[in-house]
Amino acid sequence: MKRTHSCNDLNENNVGQEVVVMGWVQKRRDHGGLIFVDLRDRSGIVQVVFNPEQAKEAFNLAEKIRNEYVIAVKGEVVLRPEGMINPNLATGHIDLAAKELVVLNKSKTPPFYISDDVDVDEMLRLKYRYLDLRRPVMQKNIILRHKTIKAIRDFLDQHGFLEIETPILTKSTPEGARDYLVPSRVNPGKFYALPQSPQIFKQLLMVAGMERYFQIARCFRDEDLRADRQPEFTQLDIEMSFIDRDYILSLMEEMIAFIFKKVLDKDVQTPFKRLTYDEAMNRYGSDKPDLRFGLELIDITEEVRDSQFKVFAETVQKGGLIKGINAKGCGSYSRKDIDDLTKYVSLYGAKGLAYFIVNEDGVKSPIAKFFNPEEISRILEKFQAQPGDLLLFVADQPNVANESLGHLRLELAKRLNLINPDELNFLWVVDFPLLEWDEEEKRYFAKHHPFTSPNLDDLQLMDKDPGKIRAQAYDMILNGVEIGGGSIRIFQRDVQEKMFDLLGLSSEEAKEKFGYLLEAFEYGTPPHGGIAFGIDRLVMLMAGKETIRDVIPFPKTQSAVDLMMDAPSEVSLKQLKELYIKPVVQQ
RNA sequence: GGAGCCGUAGUGUAGCGGUUAACAUGUCGGCCUGUCACGCCGAAGAUCGCGGGUUCGAUUCCCGUCGGCUCCGCCA
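Heads up: the first sequence at position 73 corresponds to 311 in our numbering, and the numbers run straight through without jumps.
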């Protein structure tokens, strides 16, 4: 038997035709004298009818089949009798009247139902991932991922980009995430590193005159996992020569709009809003703010600078900020509600959460007595507070005040149901700082990466106040999720050396780790820049999912384990010996 | 490294210091010619994650441990 149609292909137009379909038994309904089988393939479901009067042999066989058996059915497409149409099925107007049945393979009863509406433990889904992936939702996610990548390839091809592969076995470099290391058998004691991103390769491709490059690149980072972080993940990696920041931003907006139109038939408005890093932090307490709702952070540092409330006044004196959020209409929150929120901000380092409950004749608050009427009225005015509102304050060093309130802002939006799940809110965050001071190591780290070009206007700060230098870096944010980030790169040896110097890399180290790059910069390197998108996150958002595991066919658990294969696993002593590796593990 | 939540028939849940450990669904057998969450009758199916403690008695309380999830730290 040869397959002639997919299940979902069949409709009224095929009535009278003899067809062959193949797939899995979704459901068998045995009426004794008549058997219905819902046959499922990738395309969908069609109902097969086995009637002993028309095909005795097929009917007898059909009595033996069970869920998830793989079968082939030859039969005639017939219209369903009057009143027997199933409106929930795309093929609900027709039946396939079976003439012949072949059982291609049997199946054990699966550990869970192959259906969208079963709520199974994810552990079990991951152990039997090949069954989980049979579920239509999962197939939809994988198809969505395919279509997204296809749209990307089409768009970039049309715009003169070359898809180029770069090595997976590469060199460990300082800075950044922990590397996955691969021992070299041929070079005892030496290790490759799996790429955290193809960053340097793509820059060298620019030196090589490729001008426009992209890659759907697997990247590896040995860090702890989250709902949106896997040890290996996929980036859309892009680099271009002879362009400036605004060119890239607008081309990437165009690409995103193209993808959403092609894949989801959704219109994305361009250009995207832009916020500077400072503005994002000050107004939203995040460098990836979700702008689908308001609840902006309000700064009342000046208003309370001289107040009698010691916690505020002292924080101001120590260079901190007093900021807050107006939780509109939450004046009825109980002590317990506020305690919960206090606990919540403490996760992010805030030492407390002060509050005003605003009512008709002023404010109710344990700290109200420390403020005179003018101070209170200035605060209320600043928050545009109305009776029934709840004002929540954090007093702390700027980063703690901003970030804790930034998280509180998200939490309140969830509680108040302020987020429209259908909205697509894109924005660019630009003008990131080039460097970040690390108190523990007492040195600067690159906020983006060491190859990011400083803003040319800030070059004179390199010696005076490096922390103030802005970078030509940018992140694309969708609904509060960072989906992409990039920068204009350094392309001159002296600037790059200066950057390494700021990062505390001696010139010997710089030479040992990045000598090839510095040397390459001396052979006519074009100005260039690029960006990388997190494909998993992008597809997750497009699919409306909350974890990238749902758009990755074979993901790992939070402890970086593949439950299906049981990887990682032990290896033989012989293998280790060949690699010149001696286990130093416990036991 | 840390915090929180979860773990009971195949699956999803309920339960409680002493139960025959319950319900739904699935599975198996029987009946059934228009179902599509088919229906009806019957049966089987549990190391209550694992180890220890408290107790006359622990699935239940306590401690530890393992596994899963969410988060902090970490993620240029």
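All residues carry an ideal CB built from backbone N, CA and C; glycine is no exception.
Given residue i as reference, the closest of the options once Cα atoms are compared
i	options	result
residue 794	301, 425, 382, 365	365
residue 597	566, 789, 559	566
residue 719	526, 574, 810	526
residue 444	799, 767, 776	767
residue 660	780, 490, 245, 338	780
residue 487	771, 810, 812	771
residue 587	572, 639, 541, 540	639
residue 686	670, 695, 292	670
residue 346	333, 385, 262	262
residue 494	389, 643, 375	389
residue 402	446, 381, 658, 342	446
residue 665	253, 652, 511, 544	511
residue 367	811, 813, 809, 802	802
residue 413	616, 752, 778	752
residue 360	745, 787, 726	787
residue 417	721, 406, 423, 425	406
residue 460	466, 427, 470	470
residue 530	797, 655, 602	655
residue 680	740, 651, 809, 623	740
Per-residue burial, residue i [other beta carbons within 10 Å of its own, 16 or more giving buried]
i	result
residue 251	exposed
residue 276	buried
residue 737	buried
residue 436	buried
residue 323	exposed
residue 730	exposed
residue 805	exposed
residue 562	buried
residue 546	exposed
residue 713	buried
residue 468	buried
residue 508	exposed
residue 294	exposed
residue 585	exposed
residue 824	Bear in mind that a pLDDT of 48 at residue 824, under 50, signals an unreliable position, so the number given afterwards is only what the model happens to contain. Looking at its Cβ environment, which holds fewer than 16 other Cβ atoms inside 10 Å, residue 824 is exposed.
residue 644	buried
residue 702	exposed
residue 438	buried
Cross-strand partners of residue i (DSSP beta bridge)
i	result
residue 265	276
residue 713	667, 723
residue 456	472
residue 479	766
residue 419	431
residue 408	431
residue 312	258, 338
residue 597	600
residue 657	DSSP, once it has assigned bridges, lists no residue as partnering residue 657.
Cβ pair residue i, residue j closer than 9 Å
i	j	result
residue 626	residue 614	no
residue 434	residue 689	no
residue 538	residue 620	yes
residue 349	residue 819	no
residue 473	residue 556	no
residue 452	residue 399	yes
residue 789	residue 383	yes
residue 280	residue 303	no
residue 296	residue 337	yes
residue 259	residue 334	yes
residue 285	residue 274	yes
residue 272	residue 253	no
residue 404	residue 432	no
residue 673	residue 722	no
Enclosing beta strand (DSSP E) for residue i [first to last residue]
i	result
residue 514	511-514
residue 559	559-565
residue 849	Any property of residue 849 remains undetermined from this structure, which presents the chain solely from 239 to 825.
residue 600	600-602
residue 285	282-288
residue 676	673-676
Terminal residues of the alpha helix (DSSP H) in which residue i lies
i	result
residue 337	From DSSP, residue 337 is part of no alpha helix (DSSP H) but of the beta strand (DSSP E) over 332-343.
residue 620	611-621
residue 439	437-445
residue 641	636-653
residue 291	Counting along the chain, residue 291 falls outside any alpha helix (DSSP H), and DSSP gives it neither H nor E.
residue 181	Shown here, the chain extends from 239 to 825; a query on residue 181 therefore has no answer.
residue 392	374-396
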